[in-house]
Structure formats: C-alpha cells, structure tokens
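Written out below as structure tokens is the structure these notes cover.
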Ligand SMILES: C[S@@+](CC[C@H](N)C(=O)[O-])C[C@H]1O[C@@H](n2cnc3c(N)ncnc32)[C@H](O)[C@@H]1O
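Written as structure tokens, this is what we have:
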C-alpha cells in the first residue's frame with residue numbers, strides 16, 4: 276500500500292515492535308520511526324535486524340528512531356529533514372508487547388497496576404481516572420469511548436468500589452468479557468487522549484506528504500475509523516486525494532485465525548494528488 280521505492284523516505288508513526296518498519300527497510304525505503312513508548316524505541320534500537328539500517332551513513336541514515344507522540348509529527352519530520360516524504364503509516368492502538376506486559380495495565384486478562392499509559396510520563400493513569408472522576412464523568416467516558424450500554428451502572432459500581440488499583444479489581448466489578456473490553460478500551464482512549472491525537476496528526480501528515488505520496492492508516496475500532504473515514508472523504512471530495520481502498524481492507528478468516536488481534540482492523544489509504 277505504501278508503494279515503497281528504494282531510497283525514498285517514509286514515516287512509521289507507530290513503530291511498536293517494528294514489524295512494518297522492518298518491511299519498509301527490507302524494500303530499501305528509509306524510515307523515520309516514532310513511538311511515544313520508550314520501551315518500543317529501546318527494543319527496536321537494540322534489535323539485531325535494525326543494526327545495519329541504524330548504522331548507515333550519519334548524514335544519510337536509512338533508519339532514525341525517535342521517541343515522540345505523533346501529534347508532533349510536523350516538528351519531528353522537519354527536525355530530521357525527512358522530506359520529500361512518500362508515505363506515512365499509522366497502525367493505531369496498543370502494541371502486542373504493551374498488551375501482554377501485565378505491568379502496563381492494558382489487559383483485563385492479566386493482573387497488573389491500572390496504568391494504560393503508552394507514554395509513562397503522561398500525568399494520569401487509568402487508576403487516577405477511575406479514582407478521581409465523578410459518576411457523571413465516568414459515565415460519559417464509557418458511553419463516548421466504549422459505546423457501553425450500561426455506562427451509568429458501571430460508573431456507579433466503580434465509584435462505590437474505589438479506590439481501585441489493579442486491572443483485576445476493575446475487571447471483577449464488570450459483568451462479562453464484552454463489558455470489560457469496552458470499559459478497558461474507553462479508559463485507554465481517555466488516558467492516552469487517542470482520538471484527539473489522531474485528529475491532530477491527520478492534517479499534518481497530509482501536508483507533509485509529497486504529491487503522489489500515500490497515507491495508510493490501520494484502525495481498530497469505529498471511533499478511530501470514523502475520524503479517518505471523514506477526513507479522507509473530505510480530501511477526496513475536494514479533489515486533493517484519491518482513495519486506494521474502496522472498501523477498506525479487512526482481514527480474512529485465515530489472517531484472523533493466525534492473528535486474532537487483527538479481527539477488528541480496518542486499513543484505509545489515500546494518495547495525495
Ligand atoms: C499497534 S502498535 C504498532 C505495531 C507496529 N506497526 C509493528 O509492526 O510492530 C501501535 C504503537 O503505536 C504507539 N502509539 C500509539 N499512539 C501513539 C501516538 N499518539 N504517538 C506515538 N506513538 C503512538 C504505541 O505506543 C504502540 O507502540
């Protein structure tokens with residue numbers, strides 16, 4: 276989808292475990308990789324597979340890794356003179372590493388602190404939110420970010436059970452796996468201000484792209500996808516971009532059985548005119 280050409284510059288704004296970056300580097304593309312999680316940057320920086328690209332000529336590196344929130348995309352791209360830019364990838368949400376590391380507190384399936392910060396320097400963890408917000412604020416959070424039908428009941432239950440410190444303490448007062456998924460998702464979105472970050476990065480990404488460059492976004496729930504779909508449609512309608520994915524790309528049964536986390540993924544891509 277990124278149409279990677281050797282020697283051209285790309286941005287992987289959600290480096291994570293570096294899977295997509297590795298694929299771009301393998302095709303000869305040059306990658307500026309961003310992640311707000313210092314663990315992701317450190318793991319990729321020490322990964323054997325990335326050493327040749329990281330060690331490439333200082334003046335002309337093939338791979339540069341930067342710890343940054345992608346809301347600062349324009350600034351980071353300019354600081355590293357990473358233009359002309361031919362493709363930008365956003366693979367949204369949490370990485371598998373974050374999800375399966377209990378200390379990060381993202382999963383209701385393991386016991387850990389109720390944290391959920393992708394960037395550990397963020398001021399508020401999920402525990403802060405559940406222990407400090409009012410019933411009304413919690414209810415709104417679960418309704419807006421989790422589309423939770425029992426938002427009021429969940430908010431009340433949390434307030435009477437507080438203080439809550441761990442993932443299992445929260446999971447125990449939720450009724451089933453569906454509710455746990457929705458409540459954990461909504462807290463994660465709020466802790467990391469994910470929808471605001473996505474809305475803020477899209478216009479920057481589009482402006483930074485060279486004509487003919489591509490923007491590729493993988494989203495994992497309808498709130499994210501709606502933001503991407505609406506913004507892409509506006510650029511397409513105004514004749515500034517063409518869609519490369521009509522309908523969006525979704526995983527087939529084989530991919531889902533090999534990687535169940537891909538189940539709700541939707542990939543949309545445009546090319547700037
Ligand atoms: C789904 S993972 C990406 C996985 C990656 N594509 C791979 O191949 O391994 C998403 C990553 O994006 C990071 N991330 C999410 N929102 C971010 C933001 N606003 N700024 C920077 N990084 C972000 C997360 O910390 C996480 O490591």
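Numbering (our numbering), first residue to last: 276 to 548. The beta carbon of each residue, even a glycine, is placed where N, CA and C say it ideally should be.
Classification of residue i by the beta-carbon crowding that lies within 10 angstroms, buried from 16 upward
i, result
"residue 480", "buried"
"residue 477", "buried"
"residue 333", "exposed"
"residue 514", "exposed"
"residue 324", "exposed"
"residue 530", "exposed"
"residue 435", "exposed"
Whole-Å CB distance - residue i paired with residue j, under 8 Å assumed
i, j, result
"residue 257", "residue 393", "Residue 257 cannot be examined here, being either before or after the span of the chain that is shown, 276 to 548."
"residue 342", "residue 316", "5 Å"
"residue 386", "residue 442", "6 Å"
"residue 360", "residue 351", "Their Cβ separation, rounded to whole angstroms, is 11 Å, which puts residue 360 and residue 351 out of contact at 8 Å."
8 Å CB neighbourhood of residue i in its chain, flanking five on each side removed
i, result
"residue 525", "540, 541, 542"
Check: residue i C-beta below 6 Å from any heavy atom of ligand 1
i, result
"residue 311", "yes"
"residue 321", "no"
"residue 289", "yes"
"residue 393", "yes"
"residue 370", "yes"
"residue 294", "yes"
"residue 534", "no"
"residue 345", "yes"
"residue 366", "yes"
Nearest neighbour of residue i, chosen from the options [CA to CA]
i, options, result
"residue 549", "465, 534, 319", "Here the chain comprises residues numbered 276 to 548, so residue 549 is not present and cannot be evaluated."
"residue 276", "491, 455, 401", "491"
"residue 462", "500, 327, 417", "417"
"residue 522", "377, 419, 391, 507", "507"
"residue 494", "469, 419, 353", "469"
"residue 319", "292, 344, 305", "292"
Cut-off 6 Å between Cβ atoms - residues of its own chain near residue i, not counting five sequence neighbours on either side
i, result
"residue 307", "286, 339, 355, 357"
"residue 289", "365, 366"
"residue 381", "369, 373, 374, 391"
"residue 279", "299, 302, 304"
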